[in-house]
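Chains as they are written, first to last, in this note's numbering: chain H, 1376 to 1859; chain R, 4 to 175.
Glycine included, C-beta positions come from ideal geometry on N, C-alpha and C.
The structure under discussion appears below in the form of structure tokens.
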């Protein structure tokens, strides 16, 4: 029962806190009034989101001819944005599932928000194939439903259909996993609520969670099994996304390295987005004691590691394109690095391969400003990676007469930046209504990893003796002069 | 009807050690309410290991069978499609292309089946009323519940609870 943590480890919870202090710190953003910064941010995000919704509706109304696509480049920003958003989503599951299996305690400060990020990012991702269909109201055709066409079924040999199943499984399982973890924390807010409306809302969302021993016993089993399921799931999802490309015969796409390369890239960009969001969140909600420098350093190390994996993949691709002796393959990569899209290729190389290497310096990976800048740089770089893979492989195909360039229209721009707006509106709304840290989990590690262990709760209450026990017969029996 | 005694503790370790002593003395701890899982308390108070993982395995098998049968019916029996000359005449030949979806459906059924079973077994569903004895047990208090009957001497139990470090004792 007594867990002893080596002195050499940095504490994961700073300050001298009691269990009650954790509850207070995490519930404050939900119960208190929002700050001016929050209103400013959600205001800006809403404007962006509305612009995006407008452009999406315009696309649905008139068709995808309003995008910059042409006959040669028939896939561009839509699939770029799709892959980018799915990739961002991967960090959440990695943190909550893989790090749970590895018993990494530092995940507890970031898993809740990272999973929220996953869910919102996957929602944004799923939007793109939907609107790219053109007739989104026929989107149910991707499902194997009995129909009157003969019956005609979707093609189960196609990676595009695998993607439908992968993304929908990923989204719904992540949502379930996230919600199970939220039940005890919603219960905490419910039991603290002072207004009837809050009490009502959080009673419904907490599903009547009581925290009895049997509940916790089942809870831990469910968390463990779901983590075990989500771990292969997260790897399968981005592998399947990569197979959308890898199973084709387009030079630059037709490579076996794609699945691991895409998964590493996904984790890389996902952690960068987690860093961006967490750095803002710890500042706005004053959670510096829970999201410590050590957490940021750990995340930066993962960014450095996955960034290096992505770098190795880029170089392997280049090598194989030469070593294979296939001239089309060789040209595709030569064209990437020196052709008309070389600027995009070198932005990608700088952002994804060089910038994370700076994290070898301890001073830099423990610097908030530097981490924030790198997190934005990495996300930009990863967007360009998908753009480079998709557009440069398509724009110069086998027939030189059809070589062309891709120029995004304002609708392309509007939808892309719009999804960033929608994402932030969702995330900011989440941060004011949900417990942003998994407070029940942080309480379990407070004793072992808190800077000064658990602060003892004051014994303010007199022990109720048998003499006055009979006076306390009603349900409100427990003395409410509590020990806050 | 007051037949339950609740002892509140303000520390998980004190409750853990207290439960150990009380059980040794022959008391039956009916339940423990805590804001987070107290590791190691289950065997002491006699909570058995949950069988949810077994149900998850069964849901997984169901999901896998459904996926394989579904694709066999759609792609082999009902409407075989010749796609780029890929083998499509028997399930076995076409199976490699079906593996990703078999995996996804297996995970889908396992996860949702398990979550649903978890919620039903716990009786935690939208609209359920929470039955924790004190609102502070989801914050920083830990409660032990005893079911009273004629065999238990109330005065003695309360004295024993006090000795183990309970900060509040109530009867309801």
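Contact under 8 angstroms by Cβ, residue i with residue j
i	j	result
residue 38 (chain R)	residue 1394 (chain H)	yes
residue 1611 (chain H)	residue 1541 (chain H)	yes
residue 1746 (chain H)	residue 110 (chain R)	no
residue 1750 (chain H)	residue 1819 (chain H)	no
residue 1528 (chain H)	residue 1519 (chain H)	yes
residue 1401 (chain H)	residue 1685 (chain H)	no
residue 1671 (chain H)	residue 1646 (chain H)	no
residue 1448 (chain H)	residue 1781 (chain H)	yes
residue 140 (chain R)	residue 19 (chain R)	no
residue 40 (chain R)	residue 1490 (chain H)	no
residue 1475 (chain H)	residue 1824 (chain H)	no
residue 113 (chain R)	residue 1604 (chain H)	yes
residue 1434 (chain H)	residue 1800 (chain H)	no
residue 1482 (chain H)	residue 1470 (chain H)	yes
residue 1712 (chain H)	residue 1681 (chain H)	no
residue 1727 (chain H)	residue 1679 (chain H)	no
residue 1809 (chain H)	residue 131 (chain R)	no
residue 1674 (chain H)	residue 1741 (chain H)	no
residue 1460 (chain H)	residue 1499 (chain H)	yes
Residue i, buried or exposed, once every other Cβ within 10 Å from all chains shown has been counted against 16
i	result
residue 9 (chain R)	buried
residue 1526 (chain H)	exposed
residue 125 (chain R)	buried
residue 1510 (chain H)	exposed
residue 90 (chain R)	exposed
residue 1392 (chain H)	buried
residue 1636 (chain H)	buried
residue 1729 (chain H)	exposed
Three-state class that DSSP yields for residue i in the structure shown
i	result
residue 1701 (chain H)	coil
residue 8 (chain R)	strand
residue 1609 (chain H)	helix
residue 172 (chain R)	strand
residue 163 (chain R)	helix
residue 1554 (chain H)	helix
residue 1392 (chain H)	strand
residue 147 (chain R)	strand
residue 1410 (chain H)	coil
residue 1829 (chain H)	strand
residue 35 (chain R)	strand
residue 1533 (chain H)	coil
residue 1657 (chain H)	helix
residue 1581 (chain H)	coil
residue 1749 (chain H)	helix
residue 1617 (chain H)	helix
Best match in the options for proximity to residue i [C-alpha to C-alpha]
i	options	result
residue 175 (chain R)	R:157, R:124 and R:166	R:157
residue 1587 (chain H)	R:128, R:134, R:159 and R:115	R:134
residue 116 (chain R)	R:31, R:173, R:61 and R:26	R:61
residue 1768 (chain H)	H:1630, H:1421 and H:1800	H:1630
residue 29 (chain R)	R:94, R:160 and R:166	R:160
residue 1724 (chain H)	H:1687, H:1703, H:1741 and H:1396	H:1687
residue 138 (chain R)	H:1721, H:1625, H:1560 and H:1777	H:1560
residue 1398 (chain H)	H:1457, H:1415, H:1567 and H:1530	H:1567
residue 1710 (chain H)	H:1680, H:1748, H:1779 and H:1649	H:1779
residue 56 (chain R)	H:1593, H:1514 and H:1517	H:1593
residue 1539 (chain H)	H:1515, H:1557, H:1793 and H:1521	H:1515
residue 1717 (chain H)	H:1595, H:1680, H:1691 and H:1766	H:1766
residue 1555 (chain H)	H:1517, H:1486, H:1498 and H:1521	H:1486
residue 1462 (chain H)	H:1661, H:1754 and H:1414	H:1754
residue 106 (chain R)	R:69, R:46 and R:27	R:69
residue 67 (chain R)	R:51, R:103 and R:52	R:103
residue 142 (chain R)	H:1817, H:1827 and H:1828	H:1817
Sequence-distant residues of its chain with Cβ nearer than 7 angstroms to residue i (five each side left out)
i	result
residue 33 (chain R)	148, 149 and 150
residue 170 (chain R)	11, 12 and 13
residue 1762 (chain H)	1455 and 1719
residue 1502 (chain H)	1794
residue 1504 (chain H)	1457
Proximal residues to residue i (C-beta, below 6 angstroms), its chain only, five neighbours per side dropped
i	result
residue 1614 (chain H)	1634
residue 167 (chain R)	21 and 24
residue 1507 (chain H)	1453
residue 1733 (chain H)	1739
residue 1626 (chain H)	1703, 1704 and 1707
residue 1602 (chain H)	1472, 1475 and 1476
Beta-carbon contacts of residue i that lie in its chain and below 8 angstroms, excluding the five residues immediately before and after
i	result
residue 1494 (chain H)	1464, 1467, 1546, 1549, 1550 and 1553
residue 155 (chain R)	30 and 149
residue 1442 (chain H)	1434, 1451, 1452, 1453, 1783, 1784, 1786 and 1787
request  = Taking a Cβ distance cut-off of 7 angstroms, strictly less, list which residues of the region 20 to 38 of chain R are near chain A, in chain order.
outcome  = No chain A appears in this structure, whose protein chains are H and R.
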